[in-house]
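Undergrad: My numbering numbers the first residue of the sequence shown as 2 and each following residue consecutively.
By construction, the Cβ of each residue, glycine as well, lies at the ideal position given by its N, Cα and C atoms.
Questions regarding the structure given below will be posed in turn.
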Amino acid sequence: MRRTTPLNKDHISPARCGPALRLSLLRRVPLFARLDDAQLADVDGVFRERGYAAGERIYSGGDPAGTFYVVAVGKVKLVRPSAQGRDVLLEILGPGDTLGTVPMFGDDVYPDSAEAQTDCCLLAITAADLRTVVERYPPVAHTLLEVLSGQLRSAREAIRQASAGSVESRVAASLLKLADRLGSDRRGETLIQVPLTRQDLADMTGAQVETVSRVMSRWRKEGLIRSGRGWVAVVDRERLAAIAAGTPA
2 MRRTTPLNKD HISPARCGPA LRLSLLRRVP LFARLDDAQL ADVDGVFRER
52 GYAAGERIYS GGDPAGTFYV VAVGKVKLVR PSAQGRDVLL EILGPGDTLG
102 TVPMFGDDVY PDSAEAQTDC CLLAITAADL RTVVERYPPV AHTLLEVLSG
152 QLRSAREAIR QASAGSVESR VAASLLKLAD RLGSDRRGET LIQVPLTRQD
202 LADMTGAQVE TVSRVMSRWR KEGLIRSGRG WVAVVDRERL AAIAAGTPA
């Protein structure tokens with residue numbers, strides 16, 4: 002039997018993300034897409050690096066909001082309680098994704114909790130510094146509103162999906178979402194190299210861990226996915242999409 006191991010391993014320094022990486026990253030962030038190189042370098046100067054070890058809390062829901070973050074290296078997960086009181090894993094964020102909020106846009110507290118899923122480096126900007134950037138570069142203000150609105154829509158959709166349809170459809174939809182956002186194409190498969198536990202998938206789908214484990218085991222046997230320590234590969238995307246839509250072949 003072929004041994005399943007990660008196809009490659011990230012080497013992450015949780016404390017540092019150097020100048021070249023920072024500028025390259027900020028160019029990819031929609032928030033700063035309209036800025037030229039000089040303006041981008043100016044904005045980069047007000048961000049501060051913050052390193053977190055895997056499992057470390059970045060902020061908790063209900064804490065006073067005052068910092069906006071960009072993921073530079075590693076993965077971060079966002080969690081929010083549902084109306085039923087169960088924690089829902091809203092999103093797993095990777096490099097270039099944003100999180101957090103600031104009072105200037107009406108959010109006095111963080112609506113969700115953020116935790117480092119892997120060792121990671123974030124770029125952080127305080128509310129006061131972000132206000133300065135917005136005043137200096139007005140196009141950023143409009144885009145920031147769109148970004149924060151998008152985060153809110155994504156959170157609402159994640160909570161809705163955690164209670165809609167069968168467990169199989171929810172797990173399939175979650176895997177496809179992760180594949181689209183964080184996956185890389187490898188020999189006809191889509192590799193999701195994230196330390197995704199069965200508990201994480203259960204939290205994303207509002208299901209029991211045992212049920213998620215049975216579903217994933219069956220899909221491995223049927224050839225829809227492959228998985229190992231720290232990774233999942235989507236093998237048969239078409240069948241997973243049909244399951245997610247509630248119309249399995």
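Considering only the alpha carbon of each residue, which of Thr248, Val172, His143, Arg188 lies closest to Arg35?
TA: In the sequence shown, the residue the question calls residue 35 occupies position 34. If we check each option's Cα against that of Arg35, His143 comes out closest.
Undergrad: Buried or exposed: Ala129, going by 16 or more other Cβ atoms within 10 Å of its Cβ?
TA: In the sequence shown, the residue the question calls residue 129 occupies position 128. With fewer than 16 other Cβ atoms within 10 Å, it is exposed.
Undergrad: Can you tell me which of Cys122, Phe48, Ala173, Ser218 puts its alpha carbon nearest to the alpha carbon of Thr248?
TA: On the sequence shown, position 247 is the one that residue 248 refers to. Per the Cα distances, Ala173.
Undergrad: How should Ser25 be labelled, buried or exposed, when 16 other C-beta atoms within 10 angstroms of its C-beta is the threshold for buried?
TA: Sequence index remark: in the sequence shown, residue 25 carries index 24 (1-based). By the neighbour-count rule (16 or more Cβ atoms within 10 Å), Ser25 is not buried but exposed.
Undergrad: How would you label Gln209, buried or exposed, when you count the other beta carbons within 10 angstroms and need 16 or more for buried?
TA: In the sequence shown, the residue the question calls residue 209 occupies position 208. Under this definition Gln209 is an exposed residue.
Undergrad: Could you compute how far the alpha carbon of Asn9 sits from the alpha carbon of Thr102?
TA: If you number the sequence shown from 1, residue 9 lands on position 8. If you number the sequence shown from 1, residue 102 lands on position 101. Low confidence applies to Asn9: its pLDDT is 48, below 50, so where it sits in the model is not reliable, and the reading given next is rough at best. If you take the alpha carbons of Asn9 and Thr102, they lie about 34 Å apart.
Undergrad: Kindly give me the distance between the Cβ atoms of Val72 and Leu94, rounded to whole angstroms, as I take these residues to be in contact under 8 Å.
TA: To locate residue 72, count along the sequence shown from 1; it is residue 71. To locate residue 94, count along the sequence shown from 1; it is residue 93. The Cβ separation is near 5 Å, so the contact holds.
Undergrad: Helix, strand or coil: how does DSSP classify Leu94 here?
TA: Stepping through the sequence shown from its first residue, residue 94 is reached at position 93. Three-state DSSP puts Leu94 in a strand.
Undergrad: So, for Gly97: in the same chain, excluding its five sequence neighbours on each side, which residues have a beta-carbon less than 8 Å away from its beta-carbon?
TA: On the sequence shown, residue 97 is found 96 positions in, with the first residue counted as 1. Within its own chain, the residues whose Cβ lies closer than 8 Å to the Cβ of Gly97, once the five positions on either side in sequence are excluded, are Leu26, Arg29, Val30, Val71, Val72, listed in chain order.
Undergrad: Which ranges would you report for the beta strand (DSSP E) in the stretch 182-236 if only whole runs of at least 3 residues count?
TA: As far as the stretch 182-236 is concerned, its whole beta strand (DSSP E) runs of at least 3 residues are 185-187, 190-193, 226-229, 232-235.
Undergrad: Can you have a look at Thr99 and say buried or exposed, based on whether 16 or more other CB atoms are within 10 angstroms of its CB?
TA: On the sequence shown, position 98 is the one that residue 99 refers to. Classification of Thr99: buried, given that the 10 Å Cβ count is 16 or more.
Undergrad: With a CB to CB cut of under 8 Å and the five nearest residues on each side skipped, what residues in its chain are close to Thr133?
TA: Your numbering for residue 133 matches position 132 in the sequence shown. Excluding sequence positions up to five before and after Thr133, its CB lies within less than 8 Å of the CB of Val47, all in the same chain and listed in chain order.
Undergrad: Does DSSP classify Thr5 as helix, strand or coil?
TA: The residue you call residue 5 lines up with position 4 of the sequence shown. Confidence at Thr5 is low in this model, with a pLDDT of 49, below 50, so the placement of that residue should be treated as unreliable; the coordinate-derived value is given next. Here Thr5 sits in coil by DSSP.
Undergrad: Determine the direct distance from the alpha carbon of Gln194 to that of Pro43, and round the result to whole angstroms.
TA: To locate residue 43, count along the sequence shown from 1; it is residue 42. To locate residue 194, count along the sequence shown from 1; it is residue 193. The sequence given here has Asp at residue 43, not Pro. Computed Cα separation, rounded: 33 Å.
Undergrad: Let's see if you can read the secondary structure: which residues bound the alpha helix (DSSP H) around Leu26?
TA: Position 25 of the sequence shown, counting from 1, holds the residue named residue 26. Per DSSP, Leu26 belongs to the alpha helix (DSSP H) from 20-29.
Undergrad: Once the 5 residues before and after Gly75 are set aside, which same chain residues still bring their CB inside 6 Å of it?
TA: Taking the sequence shown and counting its residues from 1, one reaches residue 75 at position 74. Result list for Gly75: Ile13, Thr119, Asp120, Cys121, in chain order.
Undergrad: Going by the beta-carbon positions, is the gap between Glu57 and Cys18 smaller than 8 Å?
TA: As a first step, residue 57 must be located in the sequence shown, where it is residue number 56. As a first step, residue 18 must be located in the sequence shown, where it is residue number 17. Not in contact: Glu57 and Cys18 (Cβ atoms no closer than 8 Å).
Undergrad: Scan the stretch 37-90 and note each continuous beta strand (DSSP E) run of 3 residues or more that stays entirely inside, going in chain order.
TA: 49-53, 58-60, 68-74, 77-82
Undergrad: Hey, is the stretch 184-194 in contact with the stretch 212-232, meaning 3+ C-beta pairs nearer than 8 Å?
TA: At 8 Å Cβ cutoff, the stretches touch.
Undergrad: Less than 8 Å between the CB atoms is what I'm expecting for Thr1 and Ser175, so what's the real figure, rounded?
TA: Nothing about residue 1 can be reported from this structure: the residues present for the chain run from 2 to 250 only.
Undergrad: In the DSSP assignment, the beta strand (DSSP E) including Ala125 goes from what residue to what residue?
TA: Your numbering for residue 125 matches position 124 in the sequence shown. Residues 121-127.
Undergrad: Below 6 Å CB to CB, which residues in the same chain sit around Ser185 once its five sequence neighbours on both sides are set aside?
TA: Along the sequence shown, read from residue 1 onward, the residue named residue 185 stands at position 184. Around Ser185: Leu192.
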